[in-house]
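Novice: Shown below is the structure under consideration.
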Amino acid sequence: MTTSPNPVPAEFPRTHYLNAAYGLKSWLWTRDHKRIALLYLVSVSVFFALGGLMAVLIRMELATPEGDFFQPDVYNRLFTMHGILMIFFFLIPGIPAVLGNFLIPLMIGAKDLAFPRINLLSWYLYTIGGAFTLWALLHGGVDTGWTFYTPLSTNYVNTSVLTVGVGIFIAGFSSILTGLNFIVTIHRMRAPGLTWFRLPLFVWGHYATSIIQILGTPVVAIAILMVAAERMLHIGFFDPKLGGDPVLFQHLFWFYSHPAVYIMILPAMGVISELVAAFSRKPIFGYKFVAFASIGIAVLGFLVWGHHMFVAGQSIYAGVVFSVLSMLVAVPSAVKVFNWTATLYKGSISWDTPMLYALGFIGLFTIGGLTGVMLATLGIDAHVHDTYFIIAHFHYIMVGGAIMGYLGGLHYWWPKITGRLYPVFWSKLSALVIFIGFNVTFFPQFILGYLGMPRRYHTYPPEFQVLNVMSSAGATILGIGYLMPLIYFVWSMRYGPRATANPWNATGLEWQTTSPPPVENFTYPPVVTAPPYTYEAQPAAGKEARLGA
Amino acid sequence: MAQHETASAHDSAHAPHVMPLSTYVLVFAALLLGTAATVAVAYVDLGWANNAVALAIAITKATLVVLYFMHVKENTRLIPAVIFSGLFMLLILFVNLLADYGTRGWLGVEGR
Amino acid sequence: MAHDAHGPSDLAHHFDSYEQQKESATLGMWTFLVTEILFFGGLFAAYSLYRSLYPEAFRAASHSLDIRLGAFNTAVLIGSSLTMALAVRGGQTGKPKTTFTMLLGTLLLGSTFLAVKAVEYADKFTHHHVPGPSFHFEGPDAPHAQLFFSLYFGMTGLHALHMVIGAAILAFMLRPALRGAWTPRNHNFLEGFGLYWHFVDLVWIFLFPLLYLIGRHH
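Protein chains in written order, with the numbering used here: chain A, 825 to 1373; chain B, 3 to 114; chain C, 2 to 219.
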């Protein structure tokens, strides 16, 4: 049935990584990448819930034109903490630290990541960084916006800038160590026969992500240190009163923070490549183009940061160059979208839950990407800069892209991670509810922004109310959509039917071991003899086999 | 300890290549010489070239350290690729940053 | 330490061979050093920008640094790099005594560097050259001279912090070195630390001319 030389794994293993050891200590001191991934899953979900709570409060306030619930300074803290929690503590670690951590060693046939103790350390760093941020949150949070622009952040606000700065600095180390671990693992730990062009595209996506984590994060780390030195010790770097230039901070900040959006989206693109191939029963169209597009996005992503600063006093000539380079990012992104579409063409498509998320991703990411090209255009950006148009564009990429990819991946690999199946009806319903809720929330914001509603205000003129009410209503639907997987995933861990080793009948080494995998990942030394996605040779699984019912 | 020595025989194929002591001493001498040269040259007026010479000497010294003290001469080609990817990103940061500030005056409009 | 019941304890369970373990360690350390390049790189970028904008202020401020102390410290640090390289060589050739002596030498030279740096810092404090409310500078363009001192303290301070961390690790390495913890087959930790120490030396090789030697011919 399969083209793999590896033995077919046993169904329903008696011992696996989940029941190999019990007790809190066996989790908190584990070096097993699979258990660390689950630690991340729990902590990342907590921050997602907190960030989501902030979003709920923001949408509640914006349901009417007047300020109803919050004072302006409280509102400032709400959107700032929403951004910080979601970006630094959910989106950046999200897919790499949960799915990447769990799957990369399995996909390349290794027993673990190259540095298991560093992997555990990076979870602890993440947790400590998160604790600092939560501590600051309890003490009133920060109101600078997640961008920490100077001199506001160094001179004028008296909120917990330093505490949150320390939190982000520490979480940045966690991110660097995860990327470092992935790079070394992918270079040095591949199974015999697993050449670079036999790697799953999920691994390519994470390789590209790791490059950005390694090369970008240190620059924002030093920028945070400089802000701290200026705020605490009056050692001037950015403050004009001390001879500095605030725009330098924006350069250093966006040198990382623009590529950071590719840290969030590239792993999701890797997930989508796996899903599209598995549920179209076809190899990915143009494998090498998709692989190199990941690297291309990672490298080009470092050349475009100035498009955040078109109206910040940056030189107009630098602006033109940044504008053109920004549009170039659309090329590798479009290569991916076209190749996924070509993979779907004449495929035998099955509408399983992960595929629903994948299709949602492709559509929403395309909208987000095309509006990104609009924003890269100097003239349009000058018009819609700092309006809800930006908010909508960003959320189409991050929520419509990254979170759809994250949820699609979770639904795809959940049987592998837990050895259990989740209810089909509820999971498909959740995908649908999330898709509808998302569009109702964020599409009106494109219109609002184009009509001129600025971001970061808690009041607005009455003529914007209809669209804002739509947006708030959509957010409610979206929130319900997110609660559903939380409930049925937890339910399935105890009550879900047992999953077979390969419930989707997919290719890839991770499906050639038991569900859940043993502690050492494989009971035999895996070898690879074929390129990925050899779906022609692999029949689609029957409904019964897929759902275990 | 004893266990290591008995086991090391079968791994002798992987025993590291050891650079001769004289190489290290020569590199050390060259680095000291470079330091003396960079101080001496700073007192000579070369106009804009003072900077270039100082940086050239520093880069030469750094290359020596990387190749010999840090064993990159003996490593796989992957390590230089890793180093150059970092330096390349640093170059991007410098070029794009200085391009912004360097071209601000070109427009000739006050405040732009 | 996790280890395979069948293998020797210095080969981690998830590696197939010493070679794979060593190559992973080397690549991991270099990847970390690349992040360090960009970490310091942010400050170097700020330095380049401000120096190109305010050359006169930077020249005047640079002249207040003591070139003899700077050059002496450069030589000290280069010497510590030599001893570090020889310590690693002691690991490669299986000579624990050499490794121990050379690590001790590295620690002493590193401490010398930090002591000289402390003298220089103290001098800056007495002359009110430290940025902040009490900053005072006789010379052209004092506000931007202050920027030079911000960068001077930022860059040398971050460098000194790396030295302190390195010296602390060195102190903990002395006992294992004497015990012969690093063998020709597995001295990955020693080698990795050596790379870190050399990197700190590299940063100083650039800091010295950039901070101490601006326009000395005037």
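The beta-carbon is built from N, C-alpha and C at its ideal position, and this holds for glycine as well.
If A/H1217 sits next to A/T1195, beta carbons under 8 Å apart, how far is it from one beta carbon to the other, in whole angstroms?
Specialist: The Cβ separation is near 4 Å, so the contact holds.
Novice: Mind checking A/P896: buried by the 16 CB within 10 Å criterion, or exposed?
Specialist: Looking at its Cβ environment, which holds fewer than 16 other Cβ atoms inside 10 Å, A/P896 is exposed.
Novice: DSSP state of C/T75, grouped into three classes?
Specialist: DSSP places C/T75 in helix when its eight states are reduced to three.
Novice: With DSSP collapsed to three states, give me the class of A/A1136.
Specialist: Three-state DSSP puts A/A1136 in coil, outside helix and strand.
Novice: Identify the residues that DSSP records as bridge partners of A/P1278: which are they?
Specialist: Looking at the DSSP assignment, A/P1278 forms a beta bridge with A/T1211.
Novice: On the three-state DSSP scale, how would you describe A/R1244?
Specialist: Three-state result, A/R1244: strand.
Novice: Looking at C/F150 and C/V120, is the spacing between their C-beta atoms short of 9 Å?
Specialist: Not in contact: C/V120 and C/F150 (Cβ atoms no closer than 9 Å).
Novice: Assuming contact is defined by CB atoms lying nearer than 9 Å, are C/Y197 and C/G158 in contact in what I supplied?
Specialist: No, these two residues do not count as a Cβ contact at 9 Å.
Novice: Hey, B/N98 and A/L1076: beta-carbon distance below 9 Å or not?
Specialist: Not in contact: B/N98 and A/L1076 (Cβ atoms no closer than 9 Å).
Novice: Report the residues of the stretch 177 to 205 of chain C with a CB closer than 7 Å to any CB of chain B, ordered along the chain.
Specialist: Answer set for the stretch 177 to 205 of chain C: G181, T184, P185, R186, L196, H199, D202 and L203.
Novice: Which residue from A/A845, A/G907, A/G1068 and A/P1356 puts its Cα closest to that of A/G1110?
Specialist: The shortest C-alpha separation from A/G1110 is found at A/P1356.
Novice: Around the Cβ of C/E24, are there at least 16 other Cβ atoms within 10 angstroms (buried) or fewer (exposed)?
Specialist: Buried, since its Cβ has 16 or more Cβ neighbours within 10 Å.
Novice: Let me know the alpha helix (DSSP H) ranges lying completely inside the stretch 1175 to 1229 of chain A, each 4 residues or longer, listed in chain order.
Specialist: Correct list: 1177 to 1200, 1202 to 1208 and 1212 to 1221.
Novice: Could you tell me which whole alpha helix (DSSP H) segments of length 4 or greater appear in the stretch 1287 to 1319 of chain A?
Specialist: As far as the stretch 1287 to 1319 of chain A is concerned, its whole alpha helix (DSSP H) runs of at least 4 residues are 1289 to 1319.
Novice: Quick one: using the 10 Å Cβ neighbour count with 16 as the cut-off for buried, is A/E1360 buried or exposed?
Specialist: With fewer than 16 other Cβ atoms within 10 Å, it is exposed.
Novice: Between the stretch 1040 to 1051 of chain A and the stretch 55 to 73 of chain C, can you find at least three pairs of beta-carbon atoms closer than 8 Å?
Specialist: Touching, no.
Novice: Using the beta-carbon count (16 or more within 10 Å), is C/E192 buried or exposed?
Specialist: Its Cβ being crowded by 16 or more others within 10 Å, C/E192 is buried.
Novice: For chain C, check one thing: does any of its Cβ atoms lie closer than 9 Å to the Cβ of B/A101?
Specialist: Not an interface residue.
Novice: Within 9 Å (strictly less), CB to CB, does B/K75 reach chain C?
Specialist: It does not; no Cβ of chain C falls within 9 Å.
Novice: By the three-class DSSP mapping on this structure, what secondary structure does A/R1322 have?
Specialist: Three-state DSSP puts A/R1322 in a strand.
Novice: Given that B/I94 touches chain A, what residues does it touch there, using C-beta distances under 7 Å?
Specialist: Per Cβ cutoff of 7 Å: F1126 and L1127.
Novice: To the nearest angstrom, report how far apart A/L1302 and A/G1332 are at their CA atoms.
Specialist: A/L1302 and A/G1332: Cα-Cα distance of roughly 33 Å.
Novice: Can you tell me whether C/A13 is helix, strand or coil according to DSSP?
Specialist: If DSSP states are grouped into helix, strand and coil, C/A13 belongs with the strands.
Novice: Would DSSP call A/R855 helix, strand or coil?
Specialist: Three-state result, A/R855: coil.
Novice: Does the Cβ of C/G140 have 16 or more other Cβ atoms within 10 Å, making it buried, or fewer, making it exposed?
Specialist: Counting Cβ neighbours within 10 Å, C/G140 comes out exposed, since fewer than 16 surround it.
Novice: Return the residue from the list A/I911, A/A938 and A/R838 that minimises the CA-CA distance to C/F16.
Specialist: It is A/A938.
Novice: Check A/N982 in the structure and name its three-state DSSP category.
Specialist: The answer is coil: DSSP assigns A/N982 none of H, G, I, E or B.
Novice: How is A/A1084 classed by DSSP in three states: helix, strand or coil?
Specialist: If DSSP states are grouped into helix, strand and coil, A/A1084 belongs with the helices.
Novice: Return yes when at least one heavy atom of the ligand NAP lies under 8 Å from the C-beta of C/V165, else no.
Specialist: As far as ligands go, the structure on display features none, and thus does not contain the ligand NAP.
Novice: Please classify A/K1170 as buried or exposed, where buried requires at least 16 neighbouring CB atoms within 10 angstroms.
Specialist: With fewer than 16 other Cβ atoms within 10 Å, it is exposed.
Novice: Would you kindly work out how many angstroms separate the C-alpha atoms of A/I1121 and A/L1149, rounded to a whole number?
Specialist: Between A/I1121 and A/L1149, the C-alpha separation is close to 11 Å.
Novice: Take A/A834 and list the residues in its own chain whose beta-carbon comes closer than 8 Å to its own, dropping the five residues that flank it on each side.
Specialist: Result list for A/A834: A1325 and T1338, in chain order.
Novice: Kindly say whether B/K106, judged by its beta-carbon, lies nearer than 9 Å to any beta-carbon of chain A.
Specialist: Lys is not the amino acid found at residue 106 of chain B; the sequence shown has Arg there. Interface residue, yes.
Novice: Which same chain residues, not among the five before or five after A/S1147, have their C-beta less than 6 Å away from its C-beta?
Specialist: Within the same chain, A/S1147 has close Cβ partners A1200 and L1202.
Novice: Once you ignore the five residues that flank B/S10 on each side, which residues in its own chain have a CB closer than 7 Å to its CB?
Specialist: Residue placement at B/S10 is flagged as unreliable, the pLDDT there being 38, under the threshold of 50; the coordinate-derived value follows with that caveat. Same-chain partners within the cutoff: there are none.
Novice: Mind reading off the beta-carbon distance from A/T1167 to A/H1235? Whole number of angstroms is fine, and I expect it under 8 Å.
Specialist: Their Cβ separation, rounded to whole angstroms, is 19 Å, which puts A/T1167 and A/H1235 out of contact at 8 Å.
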